[in-house]
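Enquirer: full-length UniProt numbering puts the sequence shown at residues 1 to 284.
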Amino acid sequence: MKINNVCILGAGTLGTRIALQAALSGFQVAVYDINAEAFMASKKVMAKILRSLSLTDEIIEKIKFTTDPAEAVGDADIISESVTEELPLKRQVWAQFSALAPAKTIFTTNTSYLLPSMLVDSVDRPALFCAFHFHDVFYSKVVDIMPHPGTSEEVVTLLEDFGRALKQVPVIVRKENPGYVFNYMLMAVIGAAGKLRTKEIASIEDIDKSWMVNFHMPMGPFGILDSIGLDTAWHVTHNLEDAGSQAFAALLKTYIDAGKLGEKTGEGFYTYPAPAYKDPDFLI
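(1) So the beta strand (DSSP E) Q28 belongs to, where does it begin and stop?
(2) By how many angstroms is the C-alpha of V93 removed from the C-alpha of A99?
(3) Where in the stretch 32-59 do unbroken runs of the alpha helix (DSSP H), each at least 4 residues long, occur, reported from the N-terminal end onward?
(4) Quick check on this structure: which residue in K90, V189, S152, E71 has the alpha carbon closest to the alpha carbon of T111?
(5) CA-CA distance, I190 and A23?
(6) In this structure, does DSSP put A249 in helix, strand or coil?
(7) Kindly indicate which residue of M1, D75, V236, A38 has the alpha-carbon position closest to the one of G15.
(8) Just to confirm the assignment: which complete beta strand (DSSP E) runs, minimum length 3, are found wholly within the stretch 100-176?
(9) Thinking just about the alpha-carbon of each residue, which of T56, S54, L87, F27 is nearest to the one in I63?
(10) What are the start and end residues of each continuous alpha helix (DSSP H) run of 4 or more residues lying completely inside the stretch 219-248, in chain order?
(11) Quick check on the burial criterion: 16 or more other C-beta atoms within 10 angstroms. Buried or exposed for D77?
(12) Grab the span of the alpha helix (DSSP H) containing F215 for me, first residue to last.
(13) Three-state secondary structure (DSSP) at residue 296?
(14) Using the C-alpha atoms, what's the distance from P147 back to R174?
(15) Measure the alpha-carbon distance for A47 versus L53 and round it to whole angstroms.
(16) By a C-beta neighbour count over all protein chains shown, 10 Å radius and 16 as the cutoff for buried, is I18 buried or exposed?
(17) Would V213 and V171 be called neighbours here (beta carbons separated by less than 7 Å)?
(18) Helix, strand or coil, according to DSSP, for K84 in the structure here?
(19) Within a Cβ cutoff of 8 Å, which residues of the same chain sit near D136, ignoring the five residues on either side of it in sequence?
(20) I'd like the list of long-range same chain contacts for G244, defined as Cβ closer than 8 Å, with 5 residues on each side in sequence excluded.
(21) How would you write the range of the beta strand (DSSP E) that L9 sits in, first residue to last?
(22) Using beta-carbon positions only, say whether T109 and A131 come within less than 7 Å of one another.
(23) Against chain D, with Cβ distances strictly below 7 Å, would A19 count as a contact?
(24) Which same chain residues, not among the five before or five after T237, have their C-beta less than 6 Å away from its C-beta?
(25) Provide the residue(s) that pair with K64 in DSSP beta bridges, ordered along the chain.
(26) Flag this pair as yes or no: are the beta carbons of S82 and G179 separated by less than 7 Å?
(27) Does the beta carbon of L50 fall short of 6 Å from some heavy atom of the ligand ADP?
(28) Return the chain-ordered list of same chain residues with a C-beta closer than 7 Å to the C-beta of M118, the five sequence neighbours on each side being excluded.
(29) In the structure shown, what three-state DSSP assignment does G12 receive?
(30) Do K260 and E267 have their C-beta atoms closer together than 7 Å?
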């Protein structure tokens with residue numbers, strides 16, 4: 001088993017970054033999305049990242065962007081799926097693409113909070129299926145490898161090597177766990193911040209200030225949420241049954257309905273590109 005050809009399902013925030021890093025690392029990359037308009041936004045993000053790395057955007061021309069499922073997966077050694085964090089949709093996507101993929105293809109999901117065992121019966125080769133979860137890719141260079149009980153050990157080893165080839169730090173999650181390692185800890189912090197706000201114990205700014213000053217961090221929980229995307233956070237929290245999570249999901253939904261998804265739309269809890277928490281006076 002060897003990886004040369006990489007297929008990315010979803011041209012959103014993480015799909016874009018994974019595709020670019022794979023191309024920069026020497027792999028052949030195809031990006032699939034149902035919406036061709038997503039490709040223009042994806043290319044703009046890629047160009048911005050490349051400028052920040054003092055690189056030209058020539059590499060983008062080497063990436064194939066397509067709305068044709070068969071073309072996207074035609075010679076794929078690995079599929080990395082980054083579609084919306086909704087279980088029925090992910091299951092539908094995997095049923096479609098596992099049927100199209102060559103026999104050699106390894107199947108990976110970049111899900112943030114779902115478990116691979118919740119998706120694996122949608123594919124026809126469960127031994128080749130594994131969660132392979134990226135963070136920022138260029139800043140937070142961790143990739144989580146979380147097999148389900150039937151994942152082949154050879155696949156886990158191959159993904160560990162592939163992660164390093166993508167200049168990431170592989171972290172193997174030995175037992176299935178919602179949120180892997182970091183996200184599991186992060187959700188505890190963000191969930192607590194959400195409860196503090198929805199119970200009107202403190203303002204968004206003061207919650208962030210407390211975190212930033214005590215831990216010497218450049219942003220607080222709500223700044224982190226803007227970075228993640230409020231829509232991504234909502235997809236996780238609205239599926240949790242406890243009252244605190246439901247209240248926080250309702251708060252997030254008010255922002256989402258107003259088109260305020262965070263940094264990627266220019267406004268979330270803060271306004272970008274110059275959010276208040278970056279102002280030197282914010283912590284005074």
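Backbone N, C-alpha and C fix where the C-beta goes; we use that ideal spot for every residue, glycine too.
Expert: To lay it out plainly:
(1) Position 28 of the sequence shown, counting from 1, holds the residue named residue 28. Segment 28-32, the beta strand (DSSP E) holding Q28.
(2) Against the sequence shown, residue 99 aligns to sequence position 99. Against the sequence shown, residue 93 aligns to sequence position 93. The C-alpha of A99 lies about 10 Å from the C-alpha of V93.
(3) Considered as a whole, the stretch 32-59 harbours 37-52 as its complete alpha helix (DSSP H) runs of no fewer than 4 residues, in chain order.
(4) The count along the sequence shown starts at 1 and reaches residue 111 at position 111. Each of K90, V189, S152, E71 was checked against the Cα of T111, and the nearest Cα belongs to K90.
(5) To locate residue 190, count along the sequence shown from 1; it is residue 190. To locate residue 23, count along the sequence shown from 1; it is residue 23. Roughly 33 Å between the two C-alpha positions.
(6) Start at 1 with the first residue of the sequence shown, and residue 249 comes out as number 249. A249: helix per DSSP, three-state reduction.
(7) The residue you call residue 15 lines up with position 15 of the sequence shown. Minimum Cα distance to G15 is reached at A38.
(8) Taking only runs of at least 3 residues, the beta strand (DSSP E) segments lying wholly in the stretch 100-176 are 106-109, 129-134, 142-147, 169-172.
(9) What you label residue 63 is simply residue 63 of the sequence shown in a count that begins at 1. Ranking T56, S54, L87, F27 by Cα distance to I63 puts F27 first.
(10) If we require 4 residues or more, the alpha helix (DSSP H) runs fully inside the stretch 219-248 come out as 221-228, 230-237.
(11) For this step, residue 77 is matched to residue 77 along the sequence shown. The residue is buried, with at least 16 neighbouring Cβ atoms inside 10 Å.
(12) Taking the first residue of the sequence shown as position 1, residue 215 is located at position 215. Unbroken alpha helix (DSSP H) run through F215: 204-215.
(13) Residue 296 is absent from the model: the chain starts at 1 and stops at 284.
(14) In the sequence shown, the residue the question calls residue 174 occupies position 174. In the sequence shown, the residue the question calls residue 147 occupies position 147. Rounded to the nearest angstrom, the two C-alpha atoms are 7 Å apart.
(15) Working through the sequence shown from its first residue, we reach residue 47 at position 47. Working through the sequence shown from its first residue, we reach residue 53 at position 53. Each residue's alpha carbon lies about 10 Å from the other.
(16) As a first step, residue 18 is located in the sequence shown; it is residue number 18 there, counting from the start. Result: buried.
(17) Counting from 1 along the sequence shown, the entry for residue 213 is found at position 213. Counting from 1 along the sequence shown, the entry for residue 171 is found at position 171. Not closer than 7 Å, so no.
(18) Working through the sequence shown from its first residue, we reach residue 84 at position 84. The question names Lys, yet the displayed sequence has Thr at residue 84. T84: coil per DSSP, three-state reduction.
(19) On the sequence shown, position 136 is the one that residue 136 refers to. Apart from sequence neighbours up to five positions away, the residues of its chain that approach D136 with a beta-carbon distance below 8 Å are R17, ordered along the chain.
(20) Indexing the sequence shown from 1 puts residue 244 at position 244. Around G244, the same chain offers G191, G194, K195, T198 as residues with beta carbons nearer than 8 Å, after the five sequence neighbours per side are excluded.
(21) One-based indexing of the sequence shown puts residue 9 at position 9. L9 -> beta strand (DSSP E) spans 5-9.
(22) Position 109 of the sequence shown holds residue 109. Position 131 of the sequence shown holds residue 131. Yes, these two residues count as a Cβ contact at 7 Å.
(23) Judged by its chain identifiers, the structure shown contains no chain D, having just a single protein chain.
(24) By one-based count along the sequence shown, residue 237 stands at place 237. Sequence-distant Cβ neighbours of T237 in its own chain, meaning closer than 6 Å and more than five residues away, are S245, F248, A249.
(25) Taking the sequence shown and counting its residues from 1, one reaches residue 64 at position 64. Within the DSSP secondary-structure output, K64 pairs in a beta bridge with A30.
(26) Your numbering for residue 82 matches position 82 in the sequence shown. Your numbering for residue 179 matches position 179 in the sequence shown. Annotated as distal: S82 and G179, with beta-carbon spacing of 7 Å or more.
(27) In the structure shown, the ligand ADP is absent, as is every other ligand, since no ligand is present at all.
(28) Taking the first residue of the sequence shown as position 1, residue 118 is located at position 118. Cβ neighbours of M118 within its own chain (closer than 7 Å, five residues either side excluded): L87.
(29) Translated into positions along the sequence shown, residue 12 becomes position 12. Three-state result, G12: coil.
(30) For the purposes of this step, residue 260 is taken as the residue at position 260 of the sequence shown. For the purposes of this step, residue 267 is taken as the residue at position 267 of the sequence shown. Yes, the pair counts as a contact, with Cβ atoms nearer than the cut-off.
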